[in-house]
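In our numbering, the protein residues as written are 30 to 109.
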C-alpha cells in the first residue's frame with residue numbers, strides 16, 4: 030500500500046523523460062533540413078525544449094518532495 034505513490038512518481042518521471050527525449054530527437058531530425066527560416070525555428074524550438082526540461086525537473090522534484098512528505102506523515106501517524 031505504501032509503495033503506490035512512489036510507483037506513480039516513477040511512472041510520471043518515465044513519461045516525462047520519454048517525452049523530453051522524443052522532443053529532443055524530433056528537434057535534431059528537423060535541424061538536418063537546413064533552410065534560412067528553419068534556423069530561427071530551431072532556435073525557438075531549442076528554447077522551448079530547455080524550458081520544458083526545466084519545468085519537468087521542477088515537477089519531478091515537487092513530486093518527490095510530496096511523496097517523501099506523505100511517507101513521513103504516514104510513518105508519524107503509525108508511530109503515535
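By construction, the Cβ of each residue, glycine as well, lies at the ideal position given by its N, Cα and C atoms.
Since the model is a prediction, treat every value here as computed from it, not as a measurement.
Please go through the same chain and pick out, in chain order, the residues whose beta-carbon is closer than 6 Å to the beta-carbon of residue i, but skip the five residues on each side of it.
i	result
residue 42	89
residue 30	Summary for residue 30: the model assigns pLDDT 47, below 50, so the residue's position carries little reliability, and this model does not support an answer.
Are residue i and residue j close, meaning C-beta to C-beta below 8 Å?
i	j	result
residue 78	residue 53	yes
May I have the straight-line CA-CA distance separating residue i from residue j, to the nearest angstrom?
i	j	result
residue 97	residue 55	35 Å
residue 39	residue 50	16 Å
residue 48	residue 82	10 Å
residue 76	residue 84	12 Å
residue 45	residue 70	23 Å
residue 74	residue 100	38 Å
Considering only residues of the same chain and omitting the five flanking positions on each side of residue i, which have a CB-CB separation below 7 Å?
i	result
residue 92	38, 41
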